[in-house]
Structures are given as C-alpha cells and as structure tokens.
Amino acid sequence: MFFVSREFSFCYGHRLLGHPGKCRHPHGHNGRAVITLSMPELNASGMVVDFTDLKGTVGRWIDENLDHKMVLAAADPLVPLLRELGEPVFVTEGNPTAEMFAKILFDAAAAEKIPVVRVEFWETPACRAVYEKD
C-alpha cells in the first residue's frame, strides 16, 4: 500500500455554541490540515496522485469554502446576520470544532474521488483532531 500526504493551511473564524469557555465567542485560527491518500498501486506516472492535482482540487475547495470565512453551526444566530451583511459564512451541521473540520475536509476530498484515508487538522499548533476512513 502506498501513502502520500499534502499539507494545507488557511485562516478562518468560528465560535462554538453552548461551549462554557472562551470559544463561545467569535474568534479566529490559522488552521493546518494534512490530508493522507492511499492506493494499492501507483498510477502510470508512478504516483498515488500528483501533488499539484491535489492542490488544485482540495486546495481550491478550501480556498472557496473555508479560507477567510466564518465557519458557524447552522443554528448560530450570527449566520443570518453575517449573510445579510454580505459576509462569507460556511455553515456546518454541528459546532465547527477541530473534529468537525477534519471530517469536513475528509468528505470534501472524498467527494472529488480522491483516495483519502486520513485527515489531521490542527486548530492551533498544539491541538489536533483526526478523522480516518473506517
């Protein structure tokens, strides 16, 4: 089995509804994700995937959907207010936690038919969540 990984970084804002700590307030992070792919055999070019192609698909998706956006739960009362002001908002089903970011990025890569098996997402340099294929 062959594995390759590519790292992506982006800036975003969020808050966590119902959180007892300071994360209940709007704030920002410099997120970092490592997306790992796996294939049993290499393609005709001798690769799992061309890193440039991965940047063009997953990197583009991140730029269009998450980078410099407020990422909020659908139930967050800020969503309609920010949209009314023309601010970019990415809405998640639940709280936009590090765990949720790992799954969102996994699902985005999988939707592009990328053989993703693992996403590691750092909300801060010391705090990381992982989502893996079963």
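Going by the working numbering, the residue at position 54 of the sequence shown is 118; the numbering climbs one at a time, nothing skipped.
The beta carbon of each residue, even a glycine, is placed where N, CA and C say it ideally should be.
Reduced DSSP category for residue i - H, G, I as helix; E, B as strand; rest coil
{"i": "L80", "result": "coil"}
{"i": "A108", "result": "coil"}
{"i": "A175", "result": "helix"}
{"i": "A162", "result": "helix"}
{"i": "V122", "result": "helix"}
Pair within 8 Å by beta-carbon distance, residue i and residue j
{"i": "S188", "j": "H93", "result": "A small correction: the amino acid at residue 188 is Thr; Ser does not occupy that position in the sequence shown. Going by C-beta atoms, T188 is nearer than 8 Å to H93."}
Residue i - partner residues in DSSP beta bridges
{"i": "C75", "result": "N94"}
{"i": "L101", "result": "V68 and V180"}
{"i": "V135", "result": "H78 and F154"}
{"i": "T188", "result": "C191"}
{"i": "E148", "result": "For E148, which the question treats as bridged, DSSP gives no partner whatsoever."}
* Asked: Is the number of C-beta pairs between the segment 89-103 and the segment 178-192 that are closer than 8 Å three or more?
  -> At 8 Å Cβ cutoff, the stretches touch.
* Asked: Do the segment 144-163 and the segment 99-114 meet, that is, are 3 or more Cβ pairs less than 8 Å apart?
  -> Two segments are said to touch when three or more pairs of C-beta atoms, one from each, lie closer than 8 Å; by this definition the segment 144-163 does not touch the segment 99-114.
* So does the segment 83-93 actually touch the segment 176-183, counting three or more Cβ pairs closer than 8 Å? -> As far as the Cβ criterion goes, the segment 83-93 does not touch the segment 176-183, which means the pair count is below three.
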